[in-house]
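Working notes, beginning with the structure itself.
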Amino acid sequence: MLLNEANATGEKKLPTQSHRQEELTAAQTYAENLLKESLQNLEEEETDKQSFMRWELGACWVQHLQDLKKSDKDKKQGDGKEKKKTVNKDVKETKIEGLGKPLKALKHPKNAVDASGKGSSSGNKSLTDTTSSGESQKVKPSSVEPLQGDCITSENEFLLKDVLLDSAFTRLKDSETGLHQKSPSELIEMALKFYDEVALPKLVADFGSLELSPVDGRTLTDFMHTRGLQMRSLGRVVKLSEKLSHVQSLCVHEMIVRAFKHIVQSVIAATSDMRQLALTIAAVLNLLLGVPESEFSGSSPAVHPLVWRWLVAFLKKRYQYELTGQHYDDVRKYAILRGLCHKVGIELAPRDFVMDSAFPFCKQ
């Protein structure tokens, strides 16, 4: 009986739906304050244009230069073979056993002799230079420019040897690309040019030919990192993929996921009471993915106005991409939620979330 009495007196009342919404609203206000502070800092900071490059880009660059050199070599060999075939064909036409030379070869023998004589005289004339006094003077080629080029090349090699390991410099030299003769500033300029003019268009071309077929943000990230491409180039990938709507949609989703990741991580880091962590995460997810009841109009996207302002500013600063309301209306919120949980490490209870409501998430 005492046990039953203890249970009766110690029984806790379950929180009502209105009480849960009050808790979520209070936690959401806390997340909104952090978002306002982040938006202010985002508007004040300058666009980051650092020339950071992944090491995979260097490997792809060297491979690209080697392929170009090989293709040029094969082309020259092919042209040489064609020229040799043409010469052999002409020889066969002029030399016919038992009949001597054809009439075409004997038609104007004098002109052929004159042409050969003119060629020899012009060749001899090119070796001498007639002065105003009538004396001929031999022309000597200038060797100053090659010497200066050799000095610059050797200086660049010494600069690279100072910053690279001996084994790395040897591999670079053995690649036969000539990169070991460039200065560090020239290498950076050439690498950025390769990144903009070759690497990014080649990625989009492979997407179009279905040689690469990303199905979600994780595979898209793997494809880009394997080629040494930064995820900050997603905005440019969208612009290059004008005829690939599925690639554009995937890139927009990935940019939104990466943007929301910063907000969720900031809210988690600012939460001191771990007992309120689940409630805080639910509140920030409602703020990012829920549909506001009173602050939403039909002409604007179905998202909180503060979240929309922050998202547009973030994508413009980090990805140089102008997000429009039409693009956001096509966003699949479940895909955003899945990518967000994967990147932040959030585990949700399996249930059907009503994404069209103001509070699709709550503390269990």
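Under the working numbering, the first residue of the sequence shown is numbered 1366, with each subsequent residue one higher. For glycine and all other residues, C-beta sits at the position ideal for the given N, C-alpha and C.
Gly-1600 versus Arg-1583, Lys-1682, Ala-1723 and Lys-1526, residue with shortest Cα-Cα distance: Lys-1682
Stretch-stretch touch, CB-based, cutoff 8 Å, three pairs: the segment 1602-1620 with the segment 1565-1573: yes
Rounded straight-line distance, which links the Cα of Arg-1419 to that of Trp-1426: 11 Å
Thr-1584, DSSP secondary structure in three states: helix
Bounding residues of the alpha helix (DSSP H) (the contiguous stretch that carries Leu-1711): The residue asked about is misnamed: residue 1711 is Ile in this sequence, not Leu. First-last for Ile-1711: undefined, no H or E at that position.
Straight-line Cα distance separating Gln-1428 from Gly-1690: 41 Å
Span of the alpha helix (DSSP H) around Asp-1357: Limits of the chain in this structure are 1366 at one end and 1729 at the other, which puts residue 1357 out of reach.
Beta-carbon separation (whole angstroms), Ala-1624 vs Leu-1680, contact threshold 8 Å: 6 Å
Validate contact between the segment 1635-1644 and the segment 1610-1623 using beta carbons, cut 8 Å, 3 pairs: no
Buried or exposed (CB count within 10 angstroms, at least 16 for buried), Pro-1725: buried
Buried versus exposed, by CB contacts within 10 Å (16 or more), Arg-1716: exposed
Whole runs of the alpha helix (DSSP H) within the segment 1647-1689, excluding any shorter than 4 residues: 1670-1684
Rounded separation between Glu-1607 and Gln-1613 - CA only: 8 Å
Residues near Gly-1423 in its chain [Cβ-Cβ closer than 8 Å; skip 5 each side]: Ala-1556 and Gly-1593
Exposure label - Ile-1553; buried when at least 16 CB within 10 Å: exposed
C-alpha gap between Asp-1581 and Leu-1609, whole angstroms: 15 Å
Terminal residues of the alpha helix (DSSP H) in which Ala-1723 lies: Here Ala-1723 belongs to no alpha helix (DSSP H), and DSSP marks it neither H nor E.
Span of the alpha helix (DSSP H) around His-1611: 1610-1635
Residue range of the alpha helix (DSSP H) that includes Arg-1601: 1599-1605
Inter-residue spacing [alpha-carbon to alpha-carbon] between Ala-1396 and Trp-1675: 13 Å
Residue closest to Val-1696, alpha-carbon to alpha-carbon, out of Asp-1721, Lys-1538, Leu-1400 and Val-1709: Asp-1721
Same chain, Cβ closer than 7 Å to Glu-1462, five either side skipped, listed in chain order: Here the model assigns Glu-1462 a pLDDT of 49, short of 50, so the residue's position is not dependable and the matter cannot be decided.
Cutoff 7 Å; reference Glu-1411; Cβ partners in own chain excluding five residues on either side: none
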